[in-house]
Amino acid sequence: MWSKALRVGITGHLDLTAATCASVTAEIRDHLIRLGGSDLVGVTCLARGADTLFAEQVIAMGGRLVVIIPSPDYFDQEVSPAEAPLYRSLVETAWAVRRMATPHAGDEAYRVANREMLESVDRLLAVWDGNPNGGAGGTAAVVREARRRDLPVTVIWPEGARRLRSEH
Numbered sequence: 018m019w020s021k022a023l024r025v026g027i028t029g030h031l032d033l034t035a036a037t038c039a040s041v042t043a044e045i046r047d048h049l050i051r052l053g054g055s056d057l058v059g060v061t062c063l064a065r066g067a068d069t070l071f072a073e074q075v076i077a078m079g080g081r082l083v084v085i086i087p088s089p090d091y092f093d094q095e096v097s098p099a100e101a102p103l104y105r106s107l108v109e110t111a112w113a114v115r116r117m118a119t120p121h122a123g124d125e126a127y128r129v130a131n132r133e134m135l136e137s138v139d140r141l142l143a144v145w146d147g148n149p150n151g152g153a154g155g156t157a158a159v160v161r162e163a164r165r166r167d168l169p170v171t172v173i174w175p176e177g178a179r180r181l182r183s184e185h
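In this note's numbering, the protein residues as written are 18 to 185.
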């Protein structure tokens, strides 16, 4: 059940290279297996990159997926046509979908959605290069807030991992 299952959240970079996606996926899978695999609940805001890799692994191992949608216009504003089929599939497969009321996609919507995610989980996986900079809804901010809340945080950044750009 939801109340007894380990609830694991995800935060991470949007702009991983293809090679990095492969190694990150393997590490996410390994961590999820160690944490309970099909017995866990994965909670995600379903951003591109780390969040969708995590969501795919939760579903693949038979876990339950909870999707937090940051804003009513999130799909139209942030999901590319190429990503739309995967996004729709993950939302349709989700055990639960929470829709945030923040009117528009952007930093405030991501901050609110990330707060909701952190309030819903027992631990956090962070696909993070360790750069402390970024916006209010970015990976570094989520890691800082999780640590402030004393949530266990596991950072995943395999050797050789790269981002398409490094300023975010």
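Using N, Cα and C, we set each Cβ at its ideal position, and we do this for glycine too.
Per-residue burial, residue i [other beta carbons within 10 Å of its own, 16 or more giving buried]
i      : result
GLN74  : buried
GLU136 : exposed
THR28  : buried
SER88  : buried
ASP167 : exposed
GLY66  : buried
GLU184 : Note on GLU184: pLDDT 46, under 50, position unreliable in the model; the coordinate value appears next. GLU184 is exposed by the Cβ-count criterion.
ILE173 : buried
Residue i - containing beta strand (DSSP E), residue span
i      : result
ARG105 : Taken as a continuous stretch (DSSP letters only), ARG105 belongs to no beta strand (DSSP E), being part of the alpha helix (DSSP H) at 101-110.
ALA113 : 113-116
LEU82  : 81-86
VAL170 : 170-173
ALA143 : 140-144
Other residues of its chain near residue i: CB distance less than 8 angstroms, five sequence neighbours each side excluded
i      : result
ALA54  : The sequence shown places Gly at residue 54, rather than the Ala named in the question. Counting only Cβ-Cβ distances below 8 angstroms, and skipping sequence neighbours, we find MET78, GLY79 and GLY80.
TRP112 : VAL58, ARG81, LEU82 and VAL83
ARG180 : HIS30, ASP32, LEU33, THR34, THR37 and ASP146
Opening and closing residue of the alpha helix (DSSP H) in which residue i lies
i      : result
VAL96  : Per DSSP, VAL96 belongs to no alpha helix (DSSP H) and is neither H nor E.
ARG161 : 156-165
ARG70  : Note that residue 70 is Leu in the sequence shown, not Arg. Unbroken alpha helix (DSSP H) run through LEU70: 67-77.
Coarse secondary structure for residue i, derived from DSSP in three states
i      : result
ALA122 : coil
ILE54  : According to the sequence shown, residue 54 is Gly rather than Ile. In the structure shown, GLY54 sits in a helix (DSSP, three-state: H, G or I).
THR34  : coil
VAL25  : strand
ARG132 : helix
MET18  : Confidence at MET18 is low in this model, with a pLDDT of 43, below 50, so its placement is unreliable and the value that follows should be read with caution. In this structure, MET18 counts as coil in the three-state DSSP scheme.
ARG180 : strand
Residues near residue i in its chain [Cβ-Cβ closer than 6 angstroms; skip 5 each side]
i      : result
THR42  : LEU70
ALA126 : PRO87, SER88 and THR119
GLY152 : ASP124
VAL129 : MET117 and THR119
ALA178 : THR37
Beta-carbon contacts of residue i that lie in its chain and below 7 angstroms, excluding the five residues immediately before and after
i     : result
GLN94 : ALA122
ASP90 : HIS121 and ALA122
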